[in-house]
Amino acid sequence: MKIVKRREDEVVNGEADSFGRDFLGLLVHAYRDLGEKNRLSLEDLVDECKTFYLAGQETVNSLLAWTILLLAIHGHWQEKERREVIQIFGNQNPHVEGIAKLKTRFTEGIARATKYNSAAYFPFGLGPRSCVGMTFATTETKIVLSMILQRYTITLSPAYVHSPMTIITLQPQHGIQITLESLHNDA
Ligand code: HEM
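Heads up: the sequence shown begins at 129 in our numbering, then just goes up one per residue.
1. Taking the C-alpha atoms as reference points, what is the distance between V188 and T195?
2. Would you decide whether Y159 is buried or exposed? Buried here means 16 or more other CB atoms lie within 10 Å of its CB.
3. Taking only runs of the alpha helix (DSSP H) that begin and end inside the stretch 216–242, which ones reach a length of at least 4 residues, in chain order?
4. Between E209 and the rest of its own chain, which residues show a CB-CB distance below 8 angstroms, the 5 nearest in sequence each way excluded?
5. Using 7 angstroms as the threshold, is the C-beta distance between M80 and F250 below it?
6. Please return the same chain residues whose Cβ sits closer than 8 angstroms to the Cβ of V156, not counting the five positions on each side in sequence.
7. Determine the direct distance from the alpha carbon of L230 to that of I216, and round the result to whole angstroms.
8. Just reading off the beta strand (DSSP E) that M293 is part of, what are its end residues?
9. I'd like the ranges of any alpha helix (DSSP H) spanning at least 4 consecutive residues and lying wholly in the stretch 134–211.
10. When you compare only the Cα positions, how much space is there between L311 and T179?
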C-alpha cells in the first residue's frame, strides 16, 4: 500500500501528471480516476497486485530453478547457450535487440519433443485466457540466464537430492544445490 500511496501523493502534490504508465499506474488510475460506477475497489486493487505477484514469482522461480538444474547436468547444453549469449552480448548487460535474437528451443522442435502431441506442452495455457505475463516471463528468464552464463560455470553439487513436489507449481522439495565458478579472475 505504501507504493500505491506514493503514486497517489505524487499526483496530488503535482510532482507527476499521471499515476504512471505501468500496470500499477493503470490500476491506481482505475481506483482513483474513473466514474463511480466503473471504479476499482481498494480490495480489487490489492487482489490484482497479489495475483500478479504470485503468478509472476513462483512460476519464473520454478522455470529458472529447473533450467539451471538441466544446464548443470548437461554441460554441453550449458556451453552451447553460453557461446550464444557471449556471441550476442559479449560481456555487456543484455539488451532488447539481443534478447529478441536469443533462441529458446528444443533441439528438434517442440513437435518432435512432444511426439507430435500438441496437448502435451502448452506452458502458458491456450486460448483467450492464456498467460498475460508470458512475454515478461520469457524476457526476464532470458536476462537472468544470460547474466549468469556470462559470469559463471554451473555444476551440480553432490548434495542435490532429486525430489520434485507440486505446490501449484512443480518445485524442488530440497532446493537445488549448485556450484558457481567465476569465469573471470576478478572474483
Ligand atoms: C514461466 C512463467 C509462467 C508460466 C509457465 C505461466 C503460466 C500461466 C498459465 C498456464 C496460466 C493460466 C492460463 C489459463 O487460465 O488457462 C497463467 C495465467 C496468468 N499468468 Fe502466468 N505464467 C508465467 C509467468 C507469469 C508472470 C511473470 C506473470 C505476471 C507478471 C503472470 C501473470 C499471469 C496472470 C495475471 C494470469 C491470469 C490471466 C487471466 O486469467 O486473465 N504469469 N499463467
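Even for Gly, the Cβ is constructed at its ideal location relative to N, Cα and C. Keep in mind that this is a model prediction, so the values were computed, not measured.
So, from the listed chains and residues:
1. Whole-angstrom Cα-Cα distance: 10 angstroms.
2. Buried.
3. Taking 4 residues as the shortest admissible run, the stretch 216–242 contains the following complete alpha helix (DSSP H) segments, listed from N- to C-terminal end: 224–229, 237–241.
4. The beta carbon of E209 is closer than 8 angstroms to those of L199, L273, L277 in its chain, skipping five residues each way along the sequence.
5. Residue 80 lies beyond the residue range present for the chain, which begins at 129 and ends at 315; the question has no answer from this structure.
6. Listed in chain order, the non-local C-beta contacts of V156 below 8 angstroms within the same chain comprise V132, R135, E136, F147, G148, L173, local neighbours out to five positions each way being set aside.
7. So the two alpha carbons sit approximately 8 angstroms from each other.
8. Where M293 is concerned, the enclosing beta strand (DSSP E) starts and stops at 292–295.
9. Residue ranges of uninterrupted alpha helix (DSSP H) with 4 or more members, entirely inside the stretch 134–211 and ordered along the chain, are 151–160, 170–201.
10. CA-CA distance, L311 to T179, rounds to 38 angstroms.
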